[in-house]
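Mapping of the sequence shown onto this note's numbering: residues 1 to 538, in sequence order. Where is the CB? At the ideal position from N, CA and C, for every residue including glycine. Nothing here was measured: the structure is a model prediction, and the numbers come from that model. A short worksheet on the structure shown next.
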Amino acid sequence: MAPEKLQVLHALDEAGTQRYHVRAVVIAGTGFFADAYDLFCITLVTKLLGRIYYHAPGGRGEPGRLPPRLEAAIGGATFCGMVAGQLLFGWLGDRAGRKRFYGKTVLLMAAGSFLSGLSFGNSAGGVMATLCFFRFWLGVGVGGDYPLSATIVAEYAGKRTRGALVAAVFAMEGFGVLAGCIVTLVVSATLQARSAAPAFEADPAASTPPHADYAWRIVLMAGAVPACLTYRWRKRMPETARYTALVARDAGRAARDMSRVLDVDIAGEPDKVDRLTRGRDYGVLSLRFARRHGLHLLGAAASWFVLGVVFYFQNILQGHIFSDAGWVPRARAMSALEEAYRVSRAQAIIALCGALPGYWFAVAFVDVLGRKAIQFLGFAMMAGFMLAIAALYDGLASPGRQAWLLAMYTFTFFFANFGPNSTTFIVPAEIFPARLRATCHGMSAAAGKAGAIVGTFGFMYAAQKADGSEAAETGYPSGISVRASLFVLAASNVLGILFTCLLPEPKGRSLEEVSGDGGESLNGDDADVGDSQILPSL
């Protein structure tokens, strides 16, 4: 016998792409544009912070640099905030509704961005401490945006185009990264032209003009603009019909909301809602959830963890790659503002040639090839390119072959985004029941940011040369070298392939069919309503 299904959910599944879909993608995507800008712009100004606050006159003959632990703390504060935000707002999204806290995440982002630019203190350590504090709260807002945006767009979308719509939201990250590079380029070029600062080796004191302290503050504060723009739109969005019907159990309201959106008459069917939701109040820490979705959660969280390790180390590796390829000269050969300009220019080229095309290839093909196929492909291709770069690194870094190094490095970003960086965001919004969907997405995303912490902190040290020859310039102890680190990352991608095997394929299927929600069973165990629960409230 065919499973029962609410009219409102059937209408959503069968609807083609309409104006309200586009609006939902734009509203959520603007938030992700701000997320990416805020998250990645700090890497563009880190070297500038070191020159401004940690230059030692008469020191070792190199520009000032942030102490390694402090550099790690600035990035770590944001990631820790994101973990907290993903877990908190994911849980709140299931308990109180997707819409209720959706606007609050962008307010946190806007406040965190603006206040980061106003970081203050009586000493360099004081400025960095307040910067870490504000970046933490920025991270809470950015983290909260992950489960809420993914869940809202997935629950609005039809089953044939759901993957592309969710991927389009995430693809706005590429434009956010590019915008951060462009803002840094404009600000640093403008202030460099005004100050005409010489290179550090020509005049160490004059190489960091007073205007440089404005540059990093302007770059960070600009992230508040897109976050503020999206707040009003988010407040006016209706609650998703799937939350209203399957979690809040208000069939009439769900039908009224979607009748207005779809411009069709939809019956409320309260009796059917009662039948479909009866006995489904198990929590995420229950034995029943573990049997039905435990492996799915493990697959989603572990895949995202591996991706976090690999993807964020790729960003840390950029400085080494750009230097070895000759794109960015030695620090002492540039002024502070020129260094910020050259770093942002190099990252903009990588974003344009690798990251952005990868995001939009995922949008185009995720509903054609499927989520798992793209995730398999991405992990496999990243492993292959990293092995090739590692095996040939010394030759690729030699004069005349550096273009090949940059091309292969760019392809690792392409397949990260046309691969697990997109699919790990999409899949957790599709494979879990409505009443636990945002919570499970938040848990998976938090695992991803835990991986980012490992990738950022662990490989920040590991990528240093094993002979310690960079210690005087960078302040870091000896590591295992870039080449050895790439071998480790290639092996990590293989783990990502294995964890992907634990996931179901949601392509072309309704959310209720994939998750076993609303009367459609995954394992035929719906009768086991009496399963004990470890923590029913979750």
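N-terminal and C-terminal residue of the alpha helix (DSSP H) that residue i is part of
i      : result
Thr105 : Tyr102 to Ser116
Asp38  : Arg19 to Tyr53
Arg330 : Premise fails: Arg330 is in no alpha helix (DSSP H) and is neither H nor E.
Ala197 : Element bounds for Ala197: n/a, residue is neither H nor E.
Asn493 : Val482 to Thr500
Gly451 : Arg437 to Ile453
Asn421 : Pro420 to Ile426
Lys159 : Lys159 -> no alpha helix (DSSP H), and no H or E assigned at all.
Pro226 : Ala224 to Lys235
Gly516 : Gly516 -> no alpha helix (DSSP H), and no H or E assigned at all.
Pro68  : Pro68 to Arg95
Lys372 : Arg371 to Ala391
Arg217 : Ala212 to Met221
Phe411 : Gln402 to Asn417
Check whether residue i and residue j have beta carbons under 7 Å apart
i      : j      : result
Thr439 : Gly90  : yes
Ala418 : Phe361 : It should be noted that the sequence gives Phe, not Ala, for residue 418. In this structure, Phe361 lies closer than 7 Å to Phe418 by Cβ.
Gly370 : Glu505 : yes
Lys449 : Phe79  : yes
Ser188 : Ala340 : yes
Phe33  : Phe170 : no
Asp13  : Lys235 : no
Ala196 : Trp304 : no
Leu87  : Gly442 : yes
Ala251 : Glu269 : yes
Leu6   : Ala154 : no
Pro226 : Thr105 : no
Glu173 : Ala24  : no
Phe101 : Leu92  : yes
For residue j and residue i, the rounded distance between their alpha carbons
i      : j      : result
Asp367 : His21  : 16 Å
Ser116 : Thr230 : 20 Å
Lys47  : Ala199 : 15 Å
Ile316 : Thr456 : 7 Å
Ala490 : Met382 : 7 Å
Arg249 : Gly103 : 23 Å
Leu9   : Cys228 : 32 Å
Gln192 : Leu337 : 6 Å
Ala445 : Gly141 : 14 Å
Val219 : Gly395 : 37 Å
Ile182 : Phe414 : 20 Å
Ala397 : Val177 : 26 Å
Glu430 : Tyr312 : 25 Å
Ile534 : Leu436 : The predicted position of Ile534 is uncertain, since its pLDDT is 40 and thus under 50; a value taken from the coordinates is nonetheless stated next. Distance between the alpha carbons of Ile534 and Leu436 is about 15 Å.
Gly530 : Met82  : Confidence at Gly530 is low in this model, with a pLDDT of 40, below 50, so the placement of that residue should be treated as unreliable; the coordinate-derived value is given next. Between Gly530 and Met82, the C-alpha separation is close to 36 Å.
Pro57  : Tyr146 : 44 Å
Thr161 : Ala241 : 17 Å
Ala15  : Arg256 : 16 Å
Arg345 : Gln318 : 12 Å
Gly163 : Pro67  : 43 Å
Met109 : Phe136 : 10 Å
Ala373 : Thr130 : 44 Å
Val26  : Val306 : 29 Å
Ala215 : Leu262 : 47 Å
Leu356 : Met334 : 29 Å
Buried versus exposed, by CB contacts within 10 Å (16 or more), residue i
i      : result
Gly180 : buried
Phe432 : buried
Leu405 : buried
Asn493 : buried
Glu520 : Low confidence applies here, because Glu520 scores a pLDDT of 46, under 50, leaving its location unreliable; read the following figure in that light. Answer is buried; the Cβ neighbour count reaches 16.
Ser113 : buried
Asp525 : Legend: pLDDT at Asp525 = 43, less than 50; position of this residue unreliable, no value from coordinates given.
Gly143 : buried
Pro204 : buried
Gln18  : exposed
Ser532 : Because Ser532 sits at a pLDDT of 40, beneath the cut-off of 50, its placement in the model cannot be relied upon, and the point is left open.
Leu285 : exposed
Tyr282 : buried
His149 : The sequence given here has Ser at residue 149, not His. Buried.
Ala301 : buried
Unbroken alpha helix (DSSP H) runs of length 4 or more, entirely within the stretch 311-365: which are they?
Listed in chain order, the complete alpha helix (DSSP H) runs (minimum 4 residues) inside the stretch 311-365 are 336-350.
For a minimum of 4 consecutive residues, which ranges assigned as the alpha helix (DSSP H) are wholly contained in the stretch 258-305?
Counting only runs of 4 or more, we get 270-277.
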